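Reading through the structure tokens given below for one structure.
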Amino acid sequence: MEDREIIALFWARSQEAIRETARKYGAYCGTIIRRVLGDGRDAEECLNDTWLGAWNAMPPQRPNRLNVFLGRIARNTALDRWSYNHAQRRGSGFEAVLEELAECVGGTPLEETLEARQLGEAISAYLDTVSPTARQVFLRRYWYCDTIPEIAAATGFSRSKVTSLLHRTRKGLRTYLLEEGYDL
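Each residue of the sequence shown is one higher than the one before, starting from 27 at the first, in the numbering used here.
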């Protein structure tokens with residue numbers, strides 16, 4: 027089923043919208059959720075919360091790209107669950123991603139130092155200035171939480187090239203944010 031048809035089902039408030047969304051995007055959203063959470067115990071619940079989030083958002087929203095829309099809901103749902111579980115559970119691998127980014131956006135929680143939306147816009151503006159390759163690798167690591175070996179396999183780069191590219195991009199991001207007036 028085409029995305030526009032699925033969106034029309036959501037707007038018509040048809041239960042078929044959830045079934046079709048799960049069939050078409052279940053694996054995609056499940057992967058995003060498992061990358062953040064690190065295990066499958068909470069993944070099914072987060073996946074169901076993703077479908078509920080889509081149900082509640084449409085209408086009034088009519089996304090242009092359903093996969094991106096659902097991916098964002100899935101990621102945010104997983105991040106909320108990760109935050110809730112963080113004090114009780116370690117080892118998802120997501121901590122490593124946050125530690126890597128902490129060197130360019132500061133070591134204190136973003137909510138205490140910057141409004142998250144403004145920071146997101148600044149990061150997006152910076153990523154518009156880097157090569158498509160650097161942007162792809164950066165997003166795979168820090169949005170999708172892919173591991174270095176997974177990024178290397180997907181791009182055909184060596185692990186050391188991926189690591190080096192990420193380091194240079196983070197360093198450039200840090201410089202950019204300092205120039206934009208962020209106190210890191």
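Think of the CB as a built atom: it goes at the ideal place given N, C-alpha and C, for glycine as much as any other residue. Bear in mind the structure is a predicted one, so any value in this text is a computation, not a measurement.
Mark Y51 as exposed unless 16 or more other C-beta atoms lie within 10 angstroms of its C-beta, in which case mark it buried.
buried
Status (buried if at least 16 other CB within 10 Å, exposed otherwise) for A180
exposed
Need the endpoints of the alpha helix (DSSP H) that T155 sits in, please.
That residue, T155, is in no alpha helix (DSSP H); it is neither H nor E in DSSP.
Quick one, which of K187, G146 and T173 has its alpha-carbon nearest T159's?
K187
Contact under 8 Å by Cβ, Y170 with L199:
no
Whole-angstrom C-beta distance between A43 and C56, which should lie under 8 Å:
In the sequence under discussion, the amino acid at residue 56 is Gly, which differs from the Cys named in the question. With a Cβ gap of about 18 Å, G56 and A43 do not count as contacting.
Selected residue, minimal CA-CA separation from A83, among T195, A34, D154 and Y202
A34
Taking the alpha carbon of Y202 as the reference point, which residue from W77, I174, S184 and I149 has its own alpha carbon closest?
I149
Give a yes or no on whether the C-beta atoms belonging to A48 and W77 are separated by under 8 Å.
yes
Whose C-beta lies closer than 7 Å to the C-beta of R93 among residues of the same chain, with five residues either side of it excluded?
Per the sequence shown, residue 93 should be read as Asn rather than Arg. Contacts found: Y51 and Y54.
Distance, R88 Cα to F36 Cα
9 Å
Extent of the continuous alpha helix (DSSP H) to which G182 belongs
G182 -> no alpha helix (DSSP H), and no H or E assigned at all.
Nearest-angstrom Cβ-Cβ length linking R101 and V62, presumed shorter than 8 Å
7 Å
Can you tell me where the alpha helix (DSSP H) holding E232 begins and where it ends?
In the structure displayed, the chain extends from 27 to 210; residue 232 sits before or after that span and is not available.
According to DSSP, is Y208 helix, strand or coil?
coil
Length of the line joining the Cα atoms of G117 and G64
Its pLDDT being 49, under 50, G117 is placed unreliably by the model, and nothing is read from it.
State buried or exposed for T155, treating a residue as buried only when at least 16 other CB atoms are found within 10 Å of its CB.
exposed
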